[in-house]
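Numbering (the working numbering), first residue to last: 8 to 391.
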């Protein structure tokens, strides 16, 4: 009887050791050769265009027959992306690396699991390093558009077109996220001379001394709308409210909006017969309206005159449309940086902020003239 108990205890102990060993092995998985790239559904908009660039890059890398196999996982919402990450982490081998454009801050905990597993990690566009010390510590690099430069570029362009200190500006923000806050900060800090505009050619542009604004002028002259949440329809609604009852004497000459969709919505609103009076005020008063992003439809508008547009949207006479645009194709750079890192190359040379391990993609300023000169440049490719 005693012998049976001893045998039973030994069996239990052995089973425990096997279970513990399996758990330990799961925590110390062997790394495979698969690199996962997580991004949005490649359907429309800037993010959709970025995803299409990523798919093209992955096809090229896999066709080249390198050491690593690249797999793209697209998701239409944060829940789907979290499930994709969980499924990846449950595989028998660790991925060789992960490049991710997070759907939302909701994905942070899942990305922290990637970081905690010591999987090489690169963040693209929607970054979580600002809210997660673990991710910031473990990531190789975080890559995003230089949103400060986008705002500064819009202000720089307006100054080039004649904006003087204290003139009225109407602002239409994108949302309440860091993206919009940084763009608004860059805009204001260029006007006050606290920040240069750094363009995509590596040149720094500062505001002339006689064009600098005071903080008081910035506070009093910029009228900010409620956020439009990146919606063309919301842009129509808020601009319709702003322009109601305006005259050339009370209408702002300078319209600072944060998205190309906003400009399209405003033009759609104004170029309807019911808004003929408001459109007349707009065309006779406004000097510049800015968007942001690189929407092909807006580039098409820039190329059409009122006389030849027919029933299409057109660029109103005397009103300059400008879109400060960061190329969605720099998702390709994120994937290449991962391939370089896995093959022993030093990607820290790409840091624009070494302390934060960040790379900032500078914008180019697209208006009618610059688009005509650069439309065959792949980096200036628009999106649908």
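Quick reminder that beta carbons are idealized off the backbone N, C-alpha and C, glycines included.
What I want to know is whether the C-beta of residue 152 ends up closer than 7 angstroms to one or more non-hydrogen atoms of the ligand GDP. The ligand content of the structure shown is nil, which means the ligand GDP is not present either.
Taking the C-alpha atoms as reference points, what is the distance between residue 306 and residue 178? Straight-line measurement puts the Cα of residue 178 at about 21 angstroms from the Cα of residue 306.
Return the CA-CA distance between residue 44 and residue 258, expressed in angstroms with no decimal places. In a straight line, the C-alpha of residue 44 is about 47 angstroms away from that of residue 258.
I'd like to know if the stretch 279–294 and the stretch 223–236 are in contact, where contact means that at least 3 CB-CB pairs between them fall below 8 angstroms. No, the stretch 279–294 is not in contact with the stretch 223–236.
Three-state class that DSSP yields for residue 5 in the structure shown: Because residue 5 is not part of the residues shown, which for the chain are 8 to 391, the question remains open.
Spell out whether any CB of chain D is found under 8 angstroms from the CB atom of residue 134. Going by chain labels, chain D is absent from the structure shown, which holds only one protein chain.
Residue 248 bridges to which residues according to DSSP? Residue 248 is not bridged to any residue.
Taking 8 angstroms as the limit between beta carbons, can you name the residues of its chain near residue 240, skipping five residues before and five after? The beta carbon of residue 240 is closer than 8 angstroms to those of 272 in its chain, skipping five residues each way along the sequence.
Taking the alpha-carbon of residue 166 as reference, which of 327, 344, 385 has the nearest alpha-carbon? Per the Cα distances, 327.
I need the boundaries of the alpha helix (DSSP H) containing residue 154, first residue and last residue. Judged by DSSP secondary structure, residue 154 falls within the alpha helix (DSSP H) whose first and last residues are 154–167.
What three-state label does DSSP hand residue 1 in the structure shown? Outside the shown range of the chain, which is 8 to 391, sits residue 1, and nothing can be said about it.
Note down the Cα distance separating residue 121 from residue 301, rounded to an integer number of angstroms. Distance from the CA of residue 121 to the CA of residue 301, rounded to the nearest whole angstrom, comes to 32 angstroms.
Between residue 190 and residue 265, what straight-line distance do the alpha-carbon atoms span, to the nearest angstrom? For residue 190 and residue 265, the distance between alpha carbons rounds to 8 angstroms.
What does a CB cutoff of less than 7 angstroms around residue 372 pick up in its chain, not counting 5 residues either side in sequence? Hits under 7 angstroms: 160, 164, 329, 331.
Between the CA atoms of residue 219 and residue 417 - distance to the nearest angstrom: Any answer about residue 417 is impossible in this case: the structure gives the chain only from 8 up to 391.
I need the straight-line Cα distance from residue 182 to residue 48, nearest angstrom please. Each residue's Cα considered, the two are about 21 angstroms apart.
Which same chain residues end up closer than 8 angstroms to residue 76 when comparing Cβ atoms and leaving out the 5 residues on each side of it in sequence? These residues qualify, in order along the chain: 40, 41, 42, 69.
Residue 103 and residue 91: beta carbons closer than 8 angstroms? Going by C-beta atoms, residue 103 is not nearer than 8 angstroms to residue 91.
Span of the alpha helix (DSSP H) around residue 190: According to the DSSP assignment, residue 190 belongs to the alpha helix (DSSP H) that extends over 185–198.
Could you check whether residue 206 and residue 323 sit closer than 8 angstroms to each other, using their CB atoms as the reference points? Not in contact: residue 323 and residue 206 (Cβ atoms no closer than 8 angstroms).
For residue 203, the three-state DSSP class (helix, strand or coil): Three-state result, residue 203: coil.
Contacts around residue 274, its chain only, beta-carbon distance under 7 angstroms, and the 5 residues preceding and following it disregarded: Taken in chain order, the residues that qualify are 308, 320.
Extract the residue ranges of the alpha helix (DSSP H) inside the stretch 212–279, only unbroken runs of 4 or more that lie entirely within it. For the stretch 212–279, whole alpha helix (DSSP H) runs of length 4 or above, ordered along the chain, are 222–228, 239–250, 267–277.
Counted within 10 angstroms of its Cβ, other Cβ atoms place residue 140 as buried (16 or more) or exposed: So residue 140 ends up on the exposed side.
Which of helix, strand or coil does DSSP assign to residue 64? DSSP, read as helix, strand or coil, puts residue 64 in helix.
Candidates 116, 52, 97, 125: closest to residue 134 by CA position: Of all alpha-carbon atoms in 116, 52, 97, 125, the one lying nearest the alpha-carbon of residue 134 is that of 116.
Where the beta strand (DSSP E) containing residue 142 begins and where it ends: Careful: residue 142 lies outside any beta strand (DSSP E), inside the alpha helix (DSSP H) at 140–145.
Neighbourhood of residue 282 by C-beta, 7 angstroms cutoff - its chain only, sequence neighbours within 5 removed: Same-chain partners within the cutoff: 276.
Alpha-carbon to alpha-carbon, residue 36 and residue 100: A straight line joining the alpha-carbon of residue 100 with that of residue 36 spans about 6 angstroms.
Tell me the residue span of the beta strand (DSSP E) that contains residue 82. Counting along the chain, the beta strand (DSSP E) containing residue 82 begins and ends at 76–82.
Let me know the secondary structure DSSP gives residue 174 once reduced to three states. DSSP places residue 174 in coil when its eight states are reduced to three.
Could you please give me the residues that DSSP links to residue 43 through a beta bridge? In the DSSP assignment, the residues bridged to residue 43 are 78, 105.
With a threshold of 16 other CB atoms inside 10 Å of the CB of residue 389, please say whether the residue is buried or exposed. Residue environment: residue 389 is assigned as buried (16 or more neighbouring CB atoms within 10 Å of its CB, all protein chains considered).
Using DSSP with H/G/I as helix, E/B as strand and the rest coil, what is residue 136? The answer is coil: DSSP assigns residue 136 none of H, G, I, E or B.
Over what stretch of residues does the beta strand (DSSP E) that includes residue 297 continue unbroken? 295–297 is the extent of the beta strand (DSSP E) around residue 297.
Quickly, what does DSSP pair residue 368 with across the bridge? List them, please. Looking at the DSSP output, residue 368 bridges to 152.
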